[in-house]
Amino acid sequence: MFYKRIIKPLLFLFSPDWVHAVTVQCGAWLGRWRISRWILKTLFVYAHPALETQVCGVSFKNPIGLAGGFDKNAQLIQTIPCVGFGFMEVGSVTRYAYTGNPQPWSVRLKKDQSLIVNYGLKNEGADILAPRIQRQSRTCPLVVNIAKTNDARIKGDDSVADYIASFRILQDTADMININISCPNTGDGVLLCEDMNLLRKLLDALQAEKPHKPIFLKLKPDISHDTLESIVKLVRDHSCVSGFIISNLTRNRNLLSHANPADIQHYKGGISGKPMQKLSTEMIRDVYGLTQGTYPIIGVGGVFSAQDAYEKIHAGASLIELMTGMIFEGPALIKRINKGLVVLLEKDGFHSITEAVGAEHRK
Ligand SMILES: Cc1cc2nc3c(=O)[nH]c(=O)nc-3n(C[C@H](O)[C@H](O)[C@H](O)COP(=O)(O)O)c2cc1C
Numbered sequence: 048m049f050y051k052r053i054i055k056p057l058l059f060l061f062s063p064d065w066v067h068a069v070t071v072q073c074g075a076w077l078g079r080w081r082i083s084r085w086i087l088k089t090l091f092v093y094a095h096p097a098l099e100t101q102v103c104g105v106s107f108k109n110p111i112g113l114a115g116g117f118d119k120n121a122q123l124i125q126t127i128p129c130v131g132f133g134f135m136e137v138g139s140v141t142r143y144a145y146t147g148n149p150q151p152w153s154v155r156l157k158k159d160q161s162l163i164v165n166y167g168l169k170n171e172g173a174d175i176l177a178p179r180i181q182r183q184s185r186t187c188p189l190v191v192n193i194a195k196t197n198d199a200r201i202k203g204d205d206s207v208a209d210y211i212a213s214f215r216i217l218q219d220t221a222d223m224i225n226i227n228i229s230c231p232n233t234g235d236g237v238l239l240c241e242d243m244n245l246l247r248k249l250l251d252a253l254q255a256e257k258p259h260k261p262i263f264l265k266l267k268p269d270i271s272h273d274t275l276e277s278i279v280k281l282v283r284d285h286s287c288v289s290g291f292i293i294s295n296l297t298r299n300r301n302l303l304s305h306a307n308p309a310d311i312q313h314y315k316g317g318i319s320g321k322p323m324q325k326l327s328t329e330m331i332r333d334v335y336g337l338t339q340g341t342y343p344i345i346g347v348g349g350v351f352s353a354q355d356a357y358e359k360i361h362a363g364a365s366l367i368e369l370m371t372g373m374i375f376e377g378p379a380l381i382k383r384i385n386k387g388l389v390v391l392l393e394k395d396g397f398h399s400i401t402e403a404v405g406a407e408h409r410k
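Be aware that the sequence shown starts at 48, since it is given in the working numbering, and climbs by one per residue.
Okay, here's the thing in structure tokens:
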């Protein structure tokens, strides 16, 4: 209530790019002190045994994580667990630093509860971020999100080499690795999600690295069932891939119900939040079905409530991530979702999140 009545109207007077930068700075400052971390925890953390889960041998206190793209430069590792998240992503991190696409990096679509996002993988690069991550102690699992450097000259086999170089630098800093093959905002516009030849080369190269951390592939939501089948087939041939993150931003602006297409046509970027909620849930359902639940899925896209998270868990997600929901609803959302999940689990007679994963496929 306090966030929605007072903080949000104030923050929404300013541009989302500015608010994001200031929030990260304030968050980093709050994470520095034991007293502020304690205050945040007292306000925001909710724990319950039914929320505890294990995925790929990693233990989570709850299944709600911060999605990739909020903590681009590993400044919030101390803070994020204190606002109630069970895990977090850092990145996307790329081999070489990138200062970002031309601004605005994000545009708020209030009525659609969505953002148009066009940062274009802005980050300080793997060489700076790996030691910064390693210097910090962690109290929740960390997923490092690796993408290809946003430079149109790096393509084909060079893009595979770019991913692998980042992977070598970052693997030991993380509990899990997210290989982001689906950023919609890069200079070359090439998505490995769509180029099966290149994706095979990337997975061959990753396999040759003999990874010792679980690797998840982050997919985009705008792909056909056939392409999804091809990706799953490729993944089955590469034991280095442990699971999927579903999904990245959508390019489908027809999903917006309020924004006038003419008003936003000059803004480049992918769409987050409510409009992609059903799309990502459908895709989770599809991948869970195609793999018969043998690969863990991290579900992300338009989670604004416990019910939204529960739908994705029922469809097949073992863990959930969110970002736009927190921007619109405030940080107390994470506690609300966790509390709500416990109620929903009890109502359905489940003792844990794990029991509810993919439940709709067993009906
Ligand atoms: C401001 C912003 C920046 C993002 N940056 C990244 C990024 O760098 N890497 C990435 O994999 N996804 C990025 N995403 C996509 C999110 O991780 C997530 O997949 C998407 O926003 C859907 O979740 P949401 O509806 O809860 O926001 C970004 C999203 C937003 C809103």
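For every residue, glycine included, the Cβ atom is placed at its ideal position computed from N, Cα and C.
Residue i versus residue j - alpha carbon distance
i	j	result
E393	R81	35 Å
H408	R332	8 Å
S161	F375	9 Å
H259	D395	37 Å
N227	F117	15 Å
H398	S229	35 Å
V102	G405	14 Å
P322	K315	17 Å
A177	Q125	16 Å
L369	H305	22 Å
W76	D209	33 Å
E358	A403	10 Å
P151	T341	40 Å
C73	L253	37 Å
L380	F132	10 Å
Q312	L168	21 Å
K88	R52	22 Å
T186	Y50	26 Å
K386	Y93	7 Å
M48	I278	43 Å
H67	L123	12 Å
S319	D159	10 Å
P56	S83	24 Å
I400	L302	30 Å
First and last residue of the uninterrupted beta strand (DSSP E) at residue i
i	result
I163	161–164
K265	262–266
I224	223–227
V288	288–293
V92	That residue, V92, is in no beta strand (DSSP E); it is neither H nor E in DSSP.
I193	189–193
8 Å contact criterion, which residue i and residue j should meet: CB distance rounded
i	j	result
P110	I367	5 Å
Y143	T220	Contact flag wrong, Cβ pair sits at about 17 Å.
G377	I54	7 Å
C287	I270	C287 to I270, Cβ: 21 Å. No contact.
F134	G112	4 Å
N148	N165	5 Å
N295	K265	6 Å
S206	L245	7 Å
D222	L275	Incorrect: roughly 26 Å between the Cβ atoms, too far for contact.
K382	F91	5 Å
Extent of the continuous alpha helix (DSSP H) run through residue i
i	result
N244	243–255
E402	400–403
G74	63–77
A406	A406 -> no alpha helix (DSSP H), and no H or E assigned at all.
D205	204–217
T274	272–283
Q181	173–182
P258	Taken as a continuous stretch (DSSP letters only), P258 belongs to no alpha helix (DSSP H), as it is neither H nor E.
P56	55–58
P308	308–311
Beta strand (DSSP E) segments (min. 3 residues) lying fully within the stretch 101–154: 105–107, 111–113, 134–140
Could I get the ranges of all uninterrupted alpha helix (DSSP H) runs contained in the stretch 334–388, with 4 residues as the minimum, in chain order? 353–362, 371–376
Taking three-plus beta-carbon pairs below 8 Å as touching, is the stretch 212–219 in contact with the stretch 169–180? yes
With contact counted as at least three CB pairs below 8 Å, one residue from each stretch, are the stretch 333–341 and the stretch 277–291 in contact? yes
Please determine if the stretch 178–197 and the stretch 125–139 are in contact, where contact requires at least 3 C-beta pairs separated by less than 8 Å. yes
I want to know whether the stretch 337–346 touches the stretch 355–370 - three or more CB-CB distances under 8 Å. yes
Count the CB pairs spanning the stretch 80–99 and the stretch 351–358 that are closer than 8 Å, and state whether there are at least three. no
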